[in-house]
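A.B. asks:
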Amino acid sequence: MPSPKSAGFSDYALLTLLAAVFGSSFLFTNLAVASIPPFTVVASRIALAALVIFVWLKSRGEGLPRGAVWGWIFASALFGNAIPFSLISWGQQEVDAGLTAIFMAVMPLTTVVLAHFVTDDEKLNRWTFTGVWFGLAGVIVLMGWQALSALGDDVWYQLAILLGAMCYAINALITRKLTHLSKWPMSAGLLLAATVLTVPLALVFETPWHLQPSESSVFAVIALAAGPTALATWLILVIIGRQGASFLSQINFMVPMFGVFFGAVFLHERLPANAWVALLIILIGVALARKGGRTKAS
Numbered sequence: 263m264p265s266p267k268s269a270g271f272s273d274y275a276l277l278t279l280l281a282a283v284f285g286s287s288f289l290f291t292n293l294a295v296a297s298i299p300p301f302t303v304v305a306s307r308i309a310l311a312a313l314v315i316f317v318w319l320k321s322r323g324e325g326l327p328r329g330a331v332w333g334w335i336f337a338s339a340l341f342g343n344a345i346p347f348s349l350i351s352w353g354q355q356e357v358d359a360g361l362t363a364i365f366m367a368v369m370p371l372t373t374v375v376l377a378h379f380v381t382d383d384e385k386l387n388r389w390t391f392t393g394v395w396f397g398l399a400g401v402i403v404l405m406g407w408q409a410l411s412a413l414g415d416d417v418w419y420q421l422a423i424l425l426g427a428m429c430y431a432i433n434a435l436i437t438r439k440l441t442h443l444s445k446w447p448m449s450a451g452l453l454l455a456a457t458v459l460t461v462p463l464a465l466v467f468e469t470p471w472h473l474q475p476s477e478s479s480v481f482a483v484i485a486l487a488a489g490p491t492a493l494a495t496w497l498i499l500v501i502i503g504r505q506g507a508s509f510l511s512q513i514n515f516m517v518p519m520f521g522v523f524f525g526a527v528f529l530h531e532r533l534p535a536n537a538w539v540a541l542l543i544i545l546i547g548v549a550l551a552r553k554g555g556r557t558k559a560s
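Quick look at the structure:
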């Protein structure tokens, strides 16, 4: 894959839009899981988004991808949609939207570590290595030493969200294999594959036909389908195609801020002092990792 050109205003505008869309997902997921179980939330948001993009694809006279690329599509759907959406939705049954957004900031740090081993042009150096350790320290501050020494129920929900963030990092690298293909067919393919992976889980484990969801939860699922699923899938492909996986990882400077903001304004959440300290430490880590990325590119 050729080295990306220097990022311009339009690249950062797309990144900011994606950060705002992702930041809203924690708010909407918090509302959705209030009366809809997590697998059903995930399957519904993905299936609705897949339908919207597939209809749009057909209206443009385009078709789905063909051939061996479907192996990479299913891998991306697994690590970019099915697993992280399920883990994060399950975790948010007990974890506030603002805290979830902060946990998600480990994604860029995980990305730079994985990129070191699986790419030729995104290797670790002293800055990225130091950034990763700052990020780890921030997560420890957020969870607390006591949580690490005696895992409790809430910690398992928090760990699920952390694992979801790591899945996004894996997907950022998998997506490099797909960026040479047309964006709308690829977006439709990813969401259709994710639907195949998630709908059976909801049908088997949660029997959604017995549910009586609230209006706010139904609205939240629709919002999740339109923004953080359909629009975000397309934006990720565009951004990685233009600037690469490490550039995409900068989104986590902004996602925690949007997540905390939306949680405070709409859900009236108030974060404890250690959460703010942890956010600062994690963002310092992301900044150091990005400095390392710029140093390698120069």
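Heads up, the sequence shown is in the numbering used here, so the first residue is 263 and it goes up one at a time. All C-beta atoms in this analysis are idealised placements derived from N, C-alpha and C, irrespective of residue type, glycine included. The structure presented is a predicted model; accordingly, all values stated were derived computationally and were not measured.
1. Kindly list the residues whose CB is nearer than 8 angstroms to the CB of Asp273, restricted to its own chain and excluding five residues on each side of it in sequence; keep chain order.
2. Return the residue from the list Leu425, Thr441, Phe524 that minimises the CA-CA distance to Ile335.
3. Give the secondary structure of Gln420 by DSSP, where H, G and I count as helix, E and B as strand, and everything else as coil.
4. Under three-state DSSP, which class holds Asp273?
5. So, with DSSP's three-state summary, where would you put Leu280?
6. Following the continuous alpha helix (DSSP H) through Ala581, name the residue where it begins and the one where it ends.
7. Using only CA atoms, which one of Phe290, Ala281, Ala269 lies nearest to Val483?
8. What are the start and end residues of the alpha helix (DSSP H) that includes Met448?
9. As an exercise, report each continuous beta strand (DSSP E) stretch of at least 3 residues that is fully enclosed by the segment 484-541, in chain order.
10. How would you label Pro447, buried or exposed, when you count the other beta carbons within 10 angstroms and need 16 or more for buried?
11. By Cβ distance below 8 angstroms, which residues in the same chain neighbour Leu424 in space, the five residues on each side in sequence not counted?
12. At what residues does the alpha helix (DSSP H) containing Lys439 begin and finish?
13. Out of curiosity, what's the CA-to-CA distance linking Glu430 and Gly323?
14. As a quick exercise: from Val304, His378, Leu279, pick the residue whose alpha carbon is nearest that of Leu386.
15. Roughly how many angstroms lie between the CA atoms of Thr495 and Phe347, to the nearest whole one?
C.D. replies: From the atom records:
1. Reading the sequence shown from its first residue, position 11 is the one you call residue 273. Ile501, Arg504, Gln505, Phe509, listed in sequence order.
2. For the purposes of this step, residue 335 is taken as the residue at position 73 of the sequence shown. If we check each option's Cα against that of Ile335, Thr441 comes out closest.
3. Counting from 1 along the sequence shown, the entry for residue 420 is found at position 158. Residue state, collapsed to three classes: helix.
4. The residue labelled residue 273 in the question sits at position 11 within the sequence shown. Helix.
5. Counted from its first residue, the sequence shown places residue 280 at position 18. DSSP places Leu280 in helix when its eight states are reduced to three.
6. In the structure displayed, the chain extends from 263 to 560; residue 581 sits before or after that span and is not available.
7. As a position in the sequence shown, residue 483 is number 221, starting the count at 1. Taking only the C-alpha atoms, the option nearest Val483 is Phe290.
8. Looking up residue 448 in the sequence shown gives position 186. Its alpha helix (DSSP H) spans residues 445-467.
9. Listed in chain order, the beta strand (DSSP E) elements of length 3 or more contained wholly in the segment 484-541 amount to none.
10. If you number the sequence shown from 1, residue 447 lands on position 185. It counts as buried.
11. If you number the sequence shown from 1, residue 424 lands on position 162. Taking C-beta separations shorter than 8 angstroms and ignoring five residues to either side along the sequence, the partners of Leu424 in its chain run Phe365, Val368, Val401, following chain order.
12. Residue mapping note: residue 439 aligns to position 177 of the sequence shown, counting from 1. Element bounds for Lys439: n/a, residue is neither H nor E.
13. Taking the first residue of the sequence shown as position 1, residue 430 is located at position 168. Taking the first residue of the sequence shown as position 1, residue 323 is located at position 61. Checking the displayed sequence, the identity of residue 430 turns out to be Tyr instead of Glu. Here the alpha carbon of Tyr430 sits roughly 31 angstroms from the alpha carbon of Gly323.
14. Walking along the sequence shown from the start, residue 386 turns up at place 124. It is His378.
15. Position 233 of the sequence shown, counted from the start, is the residue given in the question as residue 495. Position 85 of the sequence shown, counted from the start, is the residue given in the question as residue 347. C-alpha separation (whole angstroms): 13 angstroms.
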